[in-house]
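Numbering (our numbering), first residue to last: 406 to 555.
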């Protein structure tokens, strides 16, 4: 089946099978590897993207469901050569260890800051509760989100 979608502001057409996830389409058909394939059950958040402005796990969305819709991936948060404030803050705060979970955290944090520019620790924890990291103690991630909000 053919789907047309806008990803990071650019119109794309892809041929997908009926049960294909948006994650697979992004990674394998559109060469956007930022969203990571980890649990494939919506539990870890590594594949988080914005679908029409809503945070979703792209492993749980069928590619067919994205037909005619707008998707923003971690790659699309940057503005040309300038990193998004959250991307910059994660680097500055050393909030990255292995990096596998980072794209999902960055997209979720950017979504939070769009809605709540100066979140509390509890608001950050709640907004990022769908994202799991197996390497960090999360404090540097909290620090990065606070820094990006400033």
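Using N, Cα and C, we set each Cβ at its ideal position, and we do this for glycine too.
As the structure is a computational prediction, the values presented were derived from the model and not from experiment.
With a threshold of 6 Å on Cβ separation, who are the neighbours of residue 483 within its own chain once the five nearest residues in sequence on each side are excluded? 489
CB residue 437 to CB residue 412, shorter than 8 Å? yes
N-terminal and C-terminal residue of the beta strand (DSSP E) that residue 489 is part of: Residue 489 -> no beta strand (DSSP E), and no H or E assigned at all.
Uninterrupted alpha helix (DSSP H) stretches inside the region 427-503 (no shorter than 4 residues): 479-482 and 490-497
Can the beta-carbon of residue 565 be found less than 8 Å from the beta-carbon of residue 427? The requested residue 565 is not part of the displayed model; the chain covers only 406 to 555.
Are the CB atoms of residue 526 and residue 547 nearer to each other than 8 Å? yes
Taking C-beta to C-beta, are residue 420 and residue 407 nearer than 8 Å? yes
Bridge-paired residues (DSSP) for residue 417: 410
Straight-line Cα distance separating residue 523 from residue 543: 18 Å
Thinking residue 410 and residue 474 are a contact (beta carbons under 8 Å), I'd like their distance in whole angstroms, please. 6 Å
So for residue 537, helix, strand or coil by DSSP? coil
Which residue wins for smallest C-alpha separation from residue 540, given the options 505, 514 and 519? 505
In chain order, what residues of the same chain have a beta carbon less than 7 Å from the beta carbon of residue 439, not counting five sequence neighbours either side? 478, 479, 480 and 508
Residue 550 and residue 529 closer than 8 Å at C-beta: yes
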